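In our numbering, the protein residues as written are 27 to 333.
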């Protein structure tokens with residue numbers, strides 16, 4: 027494989043020998059960028075499309091149908107059993123992921139559109155991964171078996187793992203264990219997408235409240251309309267999701283401590299708000315009142331499955 031990054035005004039494009047045949051007009055530069063070949067892993071697609079906006083309906087419908095709140099109201103769980111037996115819901119998820127595979131992320135019209143693309147794409151990948159792996163075992167744990175390191179999800183024509191999306195594209199942590207071995211064209215693409223996503227700004231640490239890892243310890247999936255993250259309401263959604271996560275004393279912040287996410291990604295919260303304490307104070311309903319920031323709540327990797 028071979029790829030080069032080209033600049034046209036303030037937009038950047040990738041010329042990659044392994045992408046499918048398609049001609050894309052580079053706005054304002056009077057030239058075409060040609061892609062041909064096949065994707066890594068031998069999964070060809072017809073071509074990348076330049077679209078400005080996505081509605082994410084293919085994910086929203088099944089999430090609405092197959093998620094529910096636990097009796098105590100604390101957790102959003104997924105009926106993976108019913109979803110796995112619903113051909114239409116599986117087809118919608120597959121079609122949605124196929125859309126993400128064929129859309130050029132850098133062509134989305136603004137930061138909110140691009141961030142919604144990566145958040146929803148990650149969450150869809152997690153759900154797809156659980157549906158493919160758990161085989162009806164409600165005791166299945168996504169932390170085991172390399173679940174987050176399988177490069178089996180295609181974004182913008184490139185096969186990535188869930189860790190490539192979270193640690194690389196979203197967080198830009200190229201020293202993370204999952205990113206160290208990523209080299210060449212794939213690393214170049216991940217770097218491009220990360221830089222395009224944040225455009226020199228620090229990572230918005232509220233994204234940690236939106237990425238769902240299919241475990242009860244993770245911030246919840248969206249349980250209210252539109253059931254996916256959408257650019258037109260993304261700011262409100264991120265703020266609401268962050269507040270609800272931090273208001274949950276069992277997995278956000280409270281007398282027993284704070285989420286282990288603050289330990290794993292302390293750099294993100296510090297860069298965003300100055301410190302973990304400042305981030306919690308800014309986004310939790312009660313600020314730091316009643317929160318023991320000296321203790322870490324052990325992460326609960328129990329599958330977020332409806333019983």
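Where a beta carbon is used, it is the ideal one built from N, C-alpha and C, also for glycine. Computed from a predicted structure; not experimentally measured.
Nearest residue (CA-CA) to residue 119, options 158, 273, 306, 282: Here residue 119 is taken as the residue at index 93 of the chain shown, counted from 1. Comparing Cα-Cα distances from residue 119 to each of 158, 273, 306, 282, the minimum goes to 158.
Residue 129 beta carbon less than 8 Å from that of residue 196: As a working note, residue 196 is residue 170 in the chain shown. As a working note, residue 129 is residue 103 in the chain shown. Not closer than 8 Å, so no.
Residue 140 - containing alpha helix (DSSP H), residue span: Taking the chain shown and counting its residues from 1, the one referred to as residue 140 is at position 114. 137-159 is the span of the alpha helix (DSSP H), which, as asked, contains residue 140.
As assigned by DSSP and simplified to three states, the class of residue 280: Residue 280 sits at position 254 when you count from the first residue of the chain shown. Under the three-state reduction of DSSP output, residue 280 falls in the strand class.
Inter-stretch contact at 8 Å, needing at least 3 Cβ pairs: the stretch 302-317 / the stretch 248-261: No contact exists between the stretch 302-317 and the stretch 248-261.
Residue 241 in three-state terms, based on DSSP: Numbered from 1 along the chain shown, position 215 holds the residue referred to as residue 241. Residue state, collapsed to three classes: strand.
Residue ranges of each alpha helix (DSSP H) within the stretch 97-133, 4 or longer: Within the stretch 97-133, the complete alpha helix (DSSP H) runs of at least 4 residues are 106-110, 113-128.
Boundaries (first-last residue) of the alpha helix (DSSP H) holding residue 288: Within the chain shown, residue 288 is the residue found at index 262, counting from 1. Where residue 288 is concerned, the enclosing alpha helix (DSSP H) starts and stops at 287-290.
Buried versus exposed call for residue 268 [16 or more other C-beta atoms within 10 Å across all chains shown]: Translated into positions along the chain shown, residue 268 becomes position 242. Residue environment for residue 268: buried (at least 16 other C-beta atoms within 10 angstroms of its C-beta).
Under the three-state DSSP convention, the category residue 95 falls into: Working through the chain shown from its first residue, we reach residue 95 at position 69. In the displayed model, residue 95 falls within a strand according to three-state DSSP.
Cα-Cα separation between residue 294 and residue 284, rounded to whole angstroms: Locating residue 294 in the chain shown gives position 268, counting from the first residue. Locating residue 284 in the chain shown gives position 258, counting from the first residue. Going from the Cα of residue 294 to the Cα of residue 284 covers about 15 Å.
Helix, strand or coil at residue 263 according to DSSP, with G and I counted as helix: Within the chain shown, numbered from 1, the residue matching residue 263 stands at position 237. If DSSP states are grouped into helix, strand and coil, residue 263 belongs with the helices.
Beta-carbon proximity check, residue 122 vs residue 84, cutoff 8 Å: Counting from 1 along the chain shown, the entry for residue 122 is found at position 96. Counting from 1 along the chain shown, the entry for residue 84 is found at position 58. Going by C-beta atoms, residue 122 is nearer than 8 Å to residue 84.
Touching by the beta-carbon criterion (3+ pairs, under 8 Å), the stretch 132-151 and the stretch 236-255: With the cut-off at 8 Å, the stretch 132-151 and the stretch 236-255 touch.
Within the stretch 168-208, ranges of the alpha helix (DSSP H) (whole runs, at least 4 residues): DSSP runs (the alpha helix (DSSP H)) wholly in the stretch 168-208: 203-206.
Extent of the continuous alpha helix (DSSP H) to which residue 222 belongs: Position 196 of the chain shown holds residue 222. It spans 210-224 - the alpha helix (DSSP H) in which residue 222 sits, taken as one unbroken run.
Exposure of residue 97, with buried meaning 16 or more beta-carbon neighbours within 10 Å: Residue mapping note: residue 97 aligns to position 71 of the chain shown, counting from 1. Residue 97 is exposed by the Cβ-count criterion.
Same chain only: Cβ atoms within 8 Å of residue 206, ignoring 5 sequence neighbours per side: The sequence position of residue 206 within the chain shown is 180, counting from 1. Apart from the 5 residues on each side of it in sequence, residue 206 sits with its Cβ closer than 8 Å to the Cβ of 200 in its chain, given in chain order.
Environment of residue 109 [buried if 16+ CB atoms lie within 10 Å]: Within the chain shown, the letter at position 83 stands for residue 109. Using a 10 angstroms sphere on the CB of residue 109, the tally of other CB atoms reaches 16 or more, which defines it as buried.
Span separating the alpha-carbon of residue 167 from that of residue 315: Counted from its first residue, the chain shown places residue 167 at position 141. Counted from its first residue, the chain shown places residue 315 at position 289. CA-CA distance, residue 167 to residue 315, rounds to 33 Å.
Nearest-angstrom Cα separation, counted from residue 286 out to residue 325: Taking the chain shown and counting its residues from 1, the one referred to as residue 325 is at position 299. Taking the chain shown and counting its residues from 1, the one referred to as residue 286 is at position 260. As the crow flies, the alpha-carbon of residue 325 is around 6 Å from that of residue 286.
Integer Cβ distance of residue 302 from residue 317, believed to fall under 8 Å: Stepping through the chain shown from its first residue, residue 302 is reached at position 276. Stepping through the chain shown from its first residue, residue 317 is reached at position 291. About 10 Å separates the beta carbon of residue 302 from that of residue 317, a gap too long to meet the 8 Å contact definition.
Bridge partner(s) assigned by DSSP for residue 18: A query on residue 18 cannot be resolved here, the shown segment of the chain reaching from 27 to 333 and no further.
8 Å contact criterion, which residue 264 and residue 213 should meet: CB distance rounded: Numbered from 1 along the chain shown, position 238 holds the residue referred to as residue 264. Numbered from 1 along the chain shown, position 187 holds the residue referred to as residue 213. At roughly 28 Å, the Cβ-Cβ gap does not stay under 8 Å, so residue 264 and residue 213 are not in contact.
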